[in-house]
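Here's the structure we're looking at; comments come further down.
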Amino acid sequence: METEIEIKNNKFNELLELSKKVPVVVDFYADWCMPCKMLKPILEGLAKEYNGKFVLAKVNVDENSEVASQYDIMSIPSVKMIKNKKVVGEFMGAQPESVIKSWLDEKI
Amino acid sequence: MYDLIIIGAGPAGLTAGIYSARHHLKTIILGKILGGTVSEVHKIGNFPTYHEISGKELTEKMVDQVKKLGIKIKNEEVIQISKSKEGFTLKTEKGKYNAKKLILALGKEKRKTNIKGEKEFAGKGVSYCAVCDAQFFKNKEVAVIGGGDSALATALLTSEFAKKVFIIHRGENLKGEPGHVHSVKKNNKIEVIFNSNITEIRGNKKVEKIKLDTGKEIKIDGVFIEAGTIPQNRLTSELGINLEEEHIIVNKKQETNIKGVFAAGDITNNLVKQMITAAAEGAVAAISAYEEISRES
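Protein chains in written order, with the working numbering: chain P, 11 to 118; chain S, 543 to 839.
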């Protein structure tokens, strides 16, 4: 199974279906946001390290504005964990890897 | 063992990296924020070479240049520094590093205000990065807290999206670059409320209104916090570095009172806090470190 996917054209439904099987960590980002750029490699590294325990879904807010507004995104980077179609946890901003790891361990 | 460890990856630390590479010092940069706080600035028009460039783009160019010179930049926060026989030992959350010399380019971070509701609504209308978040407030009404240059720049940027921007300023006059002050005064979307502080940010699931100490309440969708900065001097006490009003005291060579430790950029007690002066201080610090190493070997 892929550990990482990029959402295109607001195709979020498939992702919600996937969240019934495995926790999905959604990274709402934009290309012009520096903290997003810092967070990206950390999340990608953790997706590999956790090896299928969660799927990382990257959502470019410029290309998926409907999804971004559906999830009330007002600040990026914004990360949400979705299980069974529901948001079970979230954090904002480029956090250090250790903080994200404890968040993942608590929420998965 | 590195010749030089630079703590901080903003313009001061990155420029120090460029100079240390060109002086063949074995160097690593450890930084929490790649590009430093200036990477979140919307437009920079006072750095030579570009009439106008975003902070993100300019600092990315600096980072590229450093990497091309063979200097590694690690996104690791230094937790502890101690003196060792040959220099210094640094601990990060991932490992240990040893170096003969240090450059502290620790910079500043945005100040939080402790206003009631600030924490609760972070990411739900409260923002610390206008470049990141301004576009989420299209046709909405927002407030900017602060009266300094960064508050003015934030108000100008958000006014490109929002239909109304209030600047809530505790003082009587706007402080900042005259160009920004002029643009704010001319901008009919921006209203400055002087002699006022926000006492509370209120809302249900997201920000809905702010309350001022004058008793006034304003309906609002977002609050951008630009209430100044705090020098990141946390690591200095372990080394016994002398400070002046929270900033590291340096001489013309960017030396601190501790031998082998240099400082550069917004963290120093130099008066001008600009990207160009931070870069210059980084260059001086790296050359001074090189000279000290040459004298000792």
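The C-beta atom is built at its ideal place from N, Cα and C for all residues, glycine as well.
- Separation of the CB atoms of P/Cys46 and P/Ile92 is rounded to 19 Å, and the pair is thereby denied contact status at 8 Å.
- Cα atoms of P/Ala40 and P/Glu16: separation of roughly 13 Å, rounded to the nearest angstrom.
- Identification of residues in the segment 81 to 108 of chain P having a C-beta nearer than 9 Å to some C-beta of chain S yields Asp82, Ile83, Met84, Ser85, Ile86, Pro87, Ser88, Glu100, Phe101, Met102, Gly103, Ala104, Pro106, Glu107 and Ser108, given in sequence order.
- Collapsing the DSSP output to three states places S/Arg712 in coil.
- By the neighbour-count criterion, in which 16 or more other beta carbons inside 10 Å mark a residue as buried, S/Ile549 falls on the buried side.
- Membership of S/Pro773 in the beta strand (DSSP E) is indicated by the continuous run Thr771 to Pro773.
- The DSSP-derived three-state label of S/Ile575 is coil.
- Under DSSP, S/Thr798 forms no beta bridge with any residue.
- Assignment of P/Ser85 by DSSP, reduced to helix, strand and coil, places it in the coil class.
- Taking a 10 Å sphere around the C-beta of S/Met543, we find fewer than 16 other C-beta atoms and assign the residue as exposed.
- S/His566 counts as exposed, since fewer than 16 other beta carbons sit within 10 angstroms of its beta carbon.
- S/Gly764 has S/Val684 as its beta-bridge partners, per DSSP.
- In terms of beta-carbon proximity, P/Pro33 stays away from the interface with chain S, with every pair separated by 9 Å or more.
- At a cut-off of 9 Å, the C-beta of S/Ile657 has no neighbouring C-beta in chain P.
- For P/Ala78, the nearest beta carbon of chain S is closer than 9 Å to its own beta carbon.
- Minimum Cα-Cα distance from P/Glu27 among the listed residues P/Pro106, P/Ser112, P/Lys96 and P/Tyr81 corresponds to P/Lys96.
- Taking one beta carbon from each stretch, the segment 579 to 586 of chain S and the segment 649 to 664 of chain S have 3 or more pairs nearer than 8 Å; the two touch.
- Put simply, the CB of P/Lys47 is near chain S, with a gap under 9 Å to one of its CB atoms.
- One Cα belongs to S/Leu754, the other to S/Lys682, and the distance between them is close to 20 Å.
- By DSSP's assignment, P/Val36 forms a beta bridge with P/Ala67 and P/Lys90.
- Nearest in C-alpha terms to S/Gly578, of all of S/Ala551, S/Ile657, S/Glu628 and S/Tyr592, is S/Ala551.
- Residue pairing by DSSP places S/Gln622 opposite S/Lys633 in a beta bridge.
- Scanning chain S for C-beta atoms nearer than 8 Å to the C-beta of P/Trp113 yields nothing, as the closest lies near 14 Å away.
- Collapsing the DSSP output to three states places S/Met543 in coil.
- Proximity of S/Lys614 to chain P, defined by a Cβ-Cβ separation below 9 Å, is not satisfied.
- Per DSSP, reduced to three states, the secondary structure at P/Asn23 is helical.
- Interface annotation, P/Ala57: not in contact with chain S, CB-CB separation never under 9 Å.
- At a cut-off of 9 Å between beta-carbon atoms, P/Ile110 makes no contact with chain S.
- Residue-level contact by beta carbon holds for P/Ile52 and chain S, with a gap shorter than 9 Å.
- Contact annotation: P/Met44 and S/Leu576 have beta-carbon atoms nearer than 9 Å.
- Taking S/Val707 as the centre and dropping the five residues before and after it, the same chain places the C-beta of Val684, Val686, Ala697, Thr700, Ser701, Lys731 and Ile732 closer than 7 Å to its C-beta, in chain order.
- Under the rule that a run must span 3 or more residues, the beta strand (DSSP E) segments found entirely inside the segment 579 to 620 of chain S read 614 to 616.
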